[in-house]
Amino acid sequence: MSISIVIPVLDEASNIEQAVSLACDVADEVIIADGGSTDGTLGILERLDCIVCHTSRGRGQQLHAGAKLAKGEIILFLHADTWLPAKARSQILKVWESLSVAEKATFCGCFEQCIDDPRYVYRLLEKGNFWRAKYQKLPYGDQGVFASRKLYDTVGGIPQISLMEDFEFARQISTLGDLKILPGPIHVSARRWEKVGPLRQTIRNWTLATRYRLGADPEQLLKRY
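Position in the sequence shown counted from 1, then plus 83, gives you the numbering used here.
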């Protein structure tokens, strides 16, 4: 069993070295899909053990381009401000080896989170994200979503949209596969919540997801995001 990790980046000089270094402990290959970084990210990547591809800006487009290069039996999508523990590999392998050939073709999952902030509000967010993944089968990108190559190809890959690509991809793979939630934990930076406050950002996420479900254009949602 081989694992490819795909990380989309855009000006991630402050995070990318740690993300790639830890990803290398889990994956057989790490692919960085750069959307036009100008802050020194590319210089850092030159000294790291990873494959870099250059593509148009937009998380969906970047993930799609990176996945096209992936050779692994499992493709794991990771944000640049999230960090995998080395034991993530053994967690994936343990489940993989217990599956039949047919089950491997629809294998998919994500990880439990640990948001890197000690405040209690983030423990509530972690629980809420876990329950969303478990009962709605809708993990978000910061939960380290992964799928077998077979399942990835079956659903047509990551949707090439600039926002909600993780929501749509999770919806598609969980319709066909039995989504596994592995203990991880995957560590997530709190920076996104801290920009506007954890409560406000959570409400914003709910609003975006609801509007997308109701048919809103991802490009219009991106402007609000």
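For glycine and all other residues, C-beta sits at the position ideal for the given N, C-alpha and C.
For this session: Going by CA-CA distance only, name the one from 256, 204, 163 and 116 that's closest to residue 95.
Result: Stepping through the sequence shown from its first residue, residue 95 is reached at position 12. Ranking the options by Cα distance to residue 95, first place goes to 163.
Exercise. If you draw a straight line from the alpha carbon of residue 108 to that of residue 233, how long is it in whole angstroms?
Worked result: The sequence position of residue 108 within the sequence shown is 25, counting from 1. The sequence position of residue 233 within the sequence shown is 150, counting from 1. Between the alpha carbons of residue 108 and residue 233 lies a distance of about 24 Å.
Exercise. Are three or more beta carbon pairs between the region 188 to 202 and the region 128 to 143 nearer than 8 Å?
Worked result: These segments do not touch.
Exercise. Which two residues bound the contiguous beta strand (DSSP E) that contains residue 104?
Worked result: Within the sequence shown, residue 104 is the residue found at index 21, counting from 1. Run containing residue 104: none in the beta strand (DSSP E); it sits in the alpha helix (DSSP H), 99 to 106.
Exercise. Residues in its own chain within less than 8 Å of residue 278 by CB, not counting five upstream and five downstream?
Worked result: Walking along the sequence shown from the start, residue 278 turns up at place 195. Excluding positions up to five away in sequence, the list reads 284.
Exercise. Taking the alpha-carbon positions, what's the residue 187 to residue 251 distance?
Worked result: Taking the sequence shown and counting its residues from 1, the one referred to as residue 187 is at position 104. Taking the sequence shown and counting its residues from 1, the one referred to as residue 251 is at position 168. If you take the alpha carbons of residue 187 and residue 251, they lie about 21 Å apart.
Problem set entry | Beta-carbon proximity check, residue 89 vs residue 185, cutoff 8 Å | Position 6 of the sequence shown, counted from the start, is the residue given in the question as residue 89. Position 102 of the sequence shown, counted from the start, is the residue given in the question as residue 185. No. Outside cutoff.
Exercise. Is any beta-carbon of chain B found at less than 8 Å from that of residue 250?
Worked result: Absent from the structure is chain B; it holds one protein chain and no more.
For this session: Determine the closest residue to residue 215 out of 144, 125 and 288, with distance taken between C-alpha atoms.
Result: Looking up residue 215 in the sequence shown gives position 132. For the set 144, 125 and 288, the Cα lying nearest the Cα of residue 215 is the one of 288.
For this session: Determine the contact status of residue 60 and residue 159, defining contact as a CB-CB distance below 8 Å.
Result: Lying before the first or after the last residue shown, residue 60 is absent from the chain, which here runs from 84 to 308.
For this session: Keeping to the same chain, check which residues put their C-beta closer than 8 Å to that of residue 254; ignore five residues upstream and five downstream.
Result: In the sequence shown, residue 254 corresponds to position 171, counting from 1. So the list reads 220 and 221, once near-sequence residues are dropped.
Exercise. Should residue 248 go down as buried or exposed, given a rule of 16 or more other Cβ atoms within 10 Å for buried?
Worked result: For the purposes of this step, residue 248 is taken as residue 165 along the sequence shown, with counting starting at 1. So residue 248 ends up on the buried side.
Problem set entry | residue 92 and residue 114 closer than 8 Å at C-beta | Locating residue 92 in the sequence shown gives position 9, counting from the first residue. Locating residue 114 in the sequence shown gives position 31, counting from the first residue. No.
Exercise. In the structure shown, what three-state DSSP assignment does residue 161 receive?
Worked result: The count along the sequence shown starts at 1 and reaches residue 161 at position 78. Looking at residue 161 - three-state DSSP - the assignment turns out to be coil, as it is neither helix nor strand.
For this session: Return the chain-ordered list of same chain residues with a C-beta closer than 8 Å to the C-beta of residue 274, the five sequence neighbours on each side being excluded.
Result: By one-based count along the sequence shown, residue 274 stands at place 191. For residue 274, same chain residues with a beta-carbon under 8 Å away, outside a window of 5 residues either side, are 164 in chain order.
Exercise. Ordered along the chain, which non-local residues of its own chain (more than five positions away) have a Cβ less than 6 Å from that of residue 126?
Worked result: Here residue 126 refers to the residue found at position 43 when the sequence shown is read from its first residue. Excluding sequence neighbours, residue 126 sits near nothing in its chain.
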